[in-house]
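In the numbering used here, the protein residues as written are 14 to 663.
Even glycine gets a Cβ: it sits at the ideal position worked out from N, Cα and C.
What follows is a single structure, written as C-alpha cells, with notes after it.
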C-alpha cells in the first residue's frame with residue numbers, strides 16, 4: 014500500500030467524536046469495535062441500531078420521540094424514518110442562544126459582519142413573525158434569489174421554523190434558469206438582494222427581478238435586502254418591501270417552532286443538468302438534519318470551537334450542508350464574491366484573518382491555486398487550519414501533493430462526494446483514518462455503498478458504478494410535480510432493481526478508500542474499454558501551459574473516439590509540440606487506449622454555476638444535438654465554440 018500523506022496521531026484519534034461514538038456503541042451494545050471498518054460494517058448490518066444511536070449521540074431536539082427507526086431498509090422510495098417523532102429543523106439549528114459568533118460574513122469589499130447566536134435567534138424570531146403575518150403557513154414555498162449573506166440563512170431558518178419549504182438560487186443565475194426552477198414550485202414569498210459583488214464589480218439585480226416577477230404570478234410579496242446600495246429603488250417591483258420594513262414592528266424574543274413529522278419537506282433542490290427542466294428534488298427536515306449531523310460531527314469532527322467555511326453559493330447544496338453546522342454550535346463563515354479577488358490568494362488570506370479551522374472548497378480552486386504558483390505555507394499563518402474539504406469534481410493525486418507541500422503538511426485533506434440528490438455524501442473524510450493520494454478516505458457510516466459492474470456484481474479494486482443497496486434518511490422524499498413517482502424511480506432505480514444508482518464511476522479498494530473517475534454518463538468507451546474522464550484530466554492539467562481542459566467521447570465509424578479540448582494559459586499558442594507532449598504523457602501515465610484521437614485548442618470550457626464541467630452538453634453539441642437548458646451554465650455562450658468544428662465532421 015502507498016504511504017499515507019497524513020495519519021492521525023493517537024491523541025487525535027482518541028479525542029475525536031468518531032472514536033467517542035464508537036465507544037458509546039460498544040458500551041450500549043456490547044460490541045468490541047476497535048476500527049472504522051468494523052464500525053462501518055456494524056452500521057450497515059444494524060441500520061436500526063446505528064441510526065438510533067446517531068439520533069441520541071447528536072442530541073436531536075424533538076417534542077415527541079419516534080416509535081420505530083425505519084419501516085423498510087430496502088433501497089427504494091417511500092421508506093418511513095423515525096415515525097411519530099415531532100421536531101423542527103430550525104429549532105435544532107438555533108439550540109444555542111449565547112454570545113458566541115454564529116455567522117461571520119465577509120465579501121470582496123471588506124464588508125464584515127458578525128451575528129452571535131443570540132442575535133441570530135432574535136432576527137429569525139422577527140422574520141418568522143413577519144412571514145406568518147404575511148400569510149405564510151406550513152407547506153408554502155419561500156424562496157431566495159440571494160447571495161451568500163446572513164439574510165439568506167435568516168430567511169431559510171425563519172421558513173423552516175414555520176414548516177414552509179425553502180428553495181434558493183444564487184443571483185448570477187440567468188432569468189430563464191431562475192424561472193425554470195421557481196415556476197415549478199409556485200412560491201409565495203421571494204427574498205432577494207438588490208445585487209451582488211463579483212470580481213471587483215457590482216451587479217444590480219433589480220432589472221432581472223422585474224423580469225422574473227412578470228412570470229411568477231404566485232409571488233405575493235418580495236422582500237428586498239439592501240446590499241450593494243443602502244437605499245435601493247424598488248418602486249418598479251410589484252408587491253415589494255425592504256427587509257428592515259418587513260421585520261419592523263416585530264420584537265419577538267422567542268420562536269414558536271412548529272413541531273412536524275420527521276419527513277416533513279424542508280428544502281427543494283434542483284438537478285444541474287443541461288437537458289430539460291431541472292428536477293425539483295424535495296428533501297425532508299429530519300433526513301437532512303440527522304445526515305448532516307452525522308457527517309459534520311463524526312466525519313468532519315466539527316465542534317463548537319471551530320470556524321467552518323465552505324466556498325459556495327446559495328444555489329449549491331454545500332450551502333445547505335454548511336448552514337447545518339449551526340446545529341453543532343460552530344461559527345459559520347459566509348463569503349460572497351470571487352475566490353480569486355482582489356488577489357488569487359484571497360481565500361487563503363481569509364483562512365488566516367478569520368482563524369478558519371475547517372476550509373471547504375472545490376477541486377477546481379485547489380488546481381487553480383497550484384497553477385497560479387500560490388504557496389500559502391510561506392505567506393500566511395494557517396496554524397488554526399486543521400482540515401480542508403474538497404468537492405464538486407474529483408481531486409486528483411497531484412492536488413493532494415500540492416496541499417501537503419505548499420499549504421500545510423499536518424492537516425486532514427478530505428475529498429468528499431455525494432450530491433444534491435442526497436443533500437449529503439456517500440464518501441467523505443474521517444478523523445481516525447489516514448489520507449492517501451487521490452482517495453476519499455471512506456464510505457460514510459450507514460451508507461451501504463458498492464461499486465457494481467454492469468451485471469450488478471460488487472467489485473473491489475476495479476472501476477464500476479456507485480450504488481447504494483440500503484435506504485438512508487436523506488433520500489429524497491419525492492420529486493415536485495411527480496405524483497406517481499415515475500421521475501424519481503427513473504432517476505435512480507432503473508439500472509439495478511432495488512438499488513440506488515448514483516451515476517458516478519468509482520473504485521473501492523481493499524482498505525475502504527474510494528476513487529472517483531467522473532460521471533458514468535460522461536465515461537469514455539473507446540473499443541468497449543470504460544475510461545473515466547478524471548484519468549485524463551489528472552495528466553493534462555499538470556502541464557504548465559494548460560489552464561483547463563475538457564474531454565468527451567464522439568461516436569465515430571461504429572465506435573467511440575476520445576476528443577480532448579485544451580484551453581491554454583495566458584493565450585499561449587497551442588503548438589504541435591504541446592499536442593505531442595500531452596499525447597505522450599497520457600500514453601505513459603494511463604495507457605495507449607487513453608490517447609485522444611483528436612486534440613483541439615479552445616478558448617473557454619463550459620461549467621455549471623456550481624463549478625462542474627459539462628461534458629455531456631459538449632458531447633451533444635458535437636453530435637449535432639440541441640442543449641435545451643443552457644441557463645444552468647455559468648458561461649452558456651461557451652457552448653457555441655464547440656459547434657460545427659471542421660476537425661470533428663465525418
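- Between residue 164 and residue 70 the beta-carbon gap is near 32 Å, outside 8 Å, which marks them as no contact.
- No residue range can be given for residue 329, since it is assigned to no beta strand (DSSP E) and is classified by DSSP as neither H nor E.
- Between the alpha carbons of residue 430 and residue 179 lies a gap of roughly 23 Å.
- One Cα belongs to residue 298, the other to residue 170, and the distance between them is close to 11 Å.
- By the criterion of at least three beta-carbon pairs nearer than 8 Å, the region 242–257 is in contact with the region 215–228.
- It is roughly 18 Å from the alpha-carbon of residue 185 to the alpha-carbon of residue 122.
- In this structure, DSSP gives residue 56 a helical state, which the three-state scheme calls helix.
- In chain order, 30, 31, 34 place their CB closer than 6 Å to the CB of residue 311, counting only its own chain and leaving out the 5 sequence neighbours on each side.
- The bridge partners DSSP lists for residue 214 are 211.
- Our two residues, residue 557 and residue 384, have alpha carbons roughly 7 Å apart in a direct line.
- With distances taken between CA atoms, residue 249 lies nearest to 227 out of 536, 627, 98, 227.
- DSSP, reduced to helix, strand and coil, places residue 502 within a helical segment of the structure shown.
- The three-state secondary structure of residue 249, taken from DSSP, is coil.
- Residue 611 and residue 660 have their alpha carbons spaced roughly 8 Å apart.
- Residue 240 is a Cβ neighbour of residue 208, given a cutoff of 8 Å.
- Nearest in C-alpha terms to residue 133, of all of 493, 539, 103, is 103.
- DSSP lists 181, 204 as the beta-bridge partner residues of residue 157.
- Here residue 566 really is in contact with residue 575; their C-beta atoms are around 6 Å apart, less than 8 Å.
- Counting every other CB atom within 10 Å of its CB across the protein chains shown gives residue 515 a total of 16 or more, marking it as buried.
- Residue range 298–306 is occupied by the alpha helix (DSSP H) that includes residue 299.
- Shortest Cα-Cα distance from residue 295 to any of 605, 494, 448, 111 involves 494.
- For residue 225, the enclosing alpha helix (DSSP H) starts and ends at 219–227.
- Residue pairing from DSSP leaves residue 130 without any beta-bridge partner.
- Residue pairing by DSSP places residue 274 opposite 99 in a beta bridge.
- Straight-line spacing of the CA atoms in residue 90 and residue 327 works out to 27 Å.
- Under the 10 Å beta carbon count, residue 338 is surrounded by 16 or more other beta carbons and is classified as buried.
- Taking residue 144 as the centre and dropping the five residues before and after it, the same chain places the C-beta of 155, 171, 172, 175, 177, 202 closer than 8 Å to its C-beta, in chain order.
- Three or more Cβ pairs closer than 8 Å define a contact, and the region 35–49 meets that threshold against the region 62–79.
- When the five nearest sequence neighbours on each side are left out, the beta carbons in the same chain lying within less than 6 Å of the beta carbon of residue 331 are those of 323, 325, in order along the chain.
- A direct Cα-to-Cα measurement between residue 452 and residue 60 gives close to 26 Å.
- When secondary structure is reduced to three states using DSSP, residue 18 falls in the coil class, being assigned neither helix nor strand.
- Residues of the same chain with a CB within less than 7 Å of the CB of residue 379, apart from the 5 flanking positions on each side, are 403, 408, 412, 415, 416 in chain order.
- By the 16-neighbour rule on beta-carbons within 10 angstroms, residue 45 is exposed.
- Our two residues, residue 475 and residue 406, have alpha carbons roughly 20 Å apart in a direct line.
- The beta carbon of residue 543 sits closer than 6 Å to the beta carbons of 536 from its chain, once the five residues preceding and following it are set aside; these are given in chain order.
- Between the region 257–274 and the region 386–399 there are fewer than three inter-stretch CB-CB distances shorter than 8 Å, so the stretches are not counted as touching.
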